[in-house]
Amino acid sequence: MNYSKQITDDANKINIVENSVRGEVSTKGTFETRRKRIYGTTNGYQIVELLGSEVSSRQAGKSGIIIFGNKFAKQKAETLINRYWKSSQNLKYIGEIFGNILEEISQKTPSIGRHFDVLIKSPNFDENEAQNI
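Laid out in structure tokens, this is it:
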């Protein structure tokens, strides 16, 4: 007997909410939906896991690279980040690195689609505040 599996997902998984970037992945079951969200700002991040509308866990940190996905995608991303990452790079170059990494991984696993967005949210800089420093 032949079985085929088709993975389709055209949901918007990343957007800007006020001064942060929010990413979300979800798994829909028969009776419940599990969601994992990450909120990132220039000051840190927070990961929130939801079961339905209830918060099931919460983690926070000051900085880091957080990767959601299956084990293969996470391992491949970690290898590529270690290969290309330099801490002195500017945000534009970092965005290009992440785009290239996602593109390479999307060719090797269906868990990352071939169409994706990389959003970079720079902090709002108030010129009047800067003059008071």
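To convert, note that position 122 of the sequence shown is 1243 in our numbering; the numbers rise steadily by one, no gaps. Built from N, CA and C at the ideal position, the CB exists for glycine as well. As the structure is a prediction and not an experimental result, all values here were calculated from the model.
Assign residue i to one of two classes, buried (16 or more other C-beta atoms within 10 Å of its C-beta) or exposed (fewer than that).
| i | result |
| --- | --- |
| I1222 | buried |
| K1207 | exposed |
| I1137 | exposed |
| Y1166 | buried |
| I1241 | exposed |
Indicate whether residue i and residue j have their beta-carbon atoms separated by less than 9 Å.
| i | j | result |
| --- | --- | --- |
| G1216 | I1187 | no |
| I1233 | S1227 | yes |
| K1157 | K1197 | no |
| F1193 | G1144 | no |
| N1164 | K1183 | yes |
| I1135 | D1238 | yes |
| Segments assigned beta strand (DSSP E), at least 3 residues, entirely inside the stretch 1135-1177 | 1135-1138, 1141-1149, 1154-1162 and 1165-1172
- request: Decide yes or no for the touch test of the stretch 1197-1207 against the stretch 1173-1185: beta carbon pairs closer than 8 Å, at least 3 of them.
  value: no
Just list the beta strand (DSSP E) runs in the stretch 1173-1238, keeping only unbroken ones of 3 residues or longer that don't cross its boundaries, in chain order.
Restricting attention to beta strand (DSSP E) runs no shorter than 3 residues, the stretch 1173-1238 encloses them at 1175-1182, ordered along the chain.
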